[in-house]
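In the numbering used here, the protein residues as written are 12 to 66. Ideal Cβ positions, reconstructed from N, Cα and C, are used throughout, including at glycine.
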């Protein structure tokens, strides 16, 4: 795990569905809109499609 890695995890089970490597040192809140996760960082805005089990 490196600085700035963001993991997509199902809260109920702890199962990991993916990882976003941002290399960011500052990470803001995550928001979901239209089945897309949006995360603001000091390196820019990152977006990822939600895996089917997390929709």
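**Study point:** Element boundaries [beta strand (DSSP E), containing residue 52]
**Key:** Taking the first residue of the chain shown as position 1, residue 52 is located at position 41. Residues 47-52.
**Study point:** Simplified DSSP assignment, three categories, for residue 61
**Key:** Walking along the chain shown from the start, residue 61 turns up at place 50. Here residue 61 sits in coil by DSSP.
Review point. Based on the DSSP secondary-structure assignment, which residues constitute the bridge partners of residue 55?
Key: One-based indexing of the chain shown puts residue 55 at position 44. Beta-bridge pairing links residue 55 to 52.
**Study point:** Same chain only: Cβ atoms within 8 angstroms of residue 39, ignoring 5 sequence neighbours per side
**Key:** Numbered from 1 along the chain shown, position 28 holds the residue referred to as residue 39. Excluding residues within five positions, the ones whose Cβ falls inside 8 angstroms are 50, 51 and 52.
Review point. Considering only C-alpha positions, which residue in the set 65, 66 and 41 is nearest to residue 58?
Key: As a working mapping, residue 58 is identified with position 47 in the chain shown. Among 65, 66 and 41, the Cα nearest to that of residue 58 belongs to 41.
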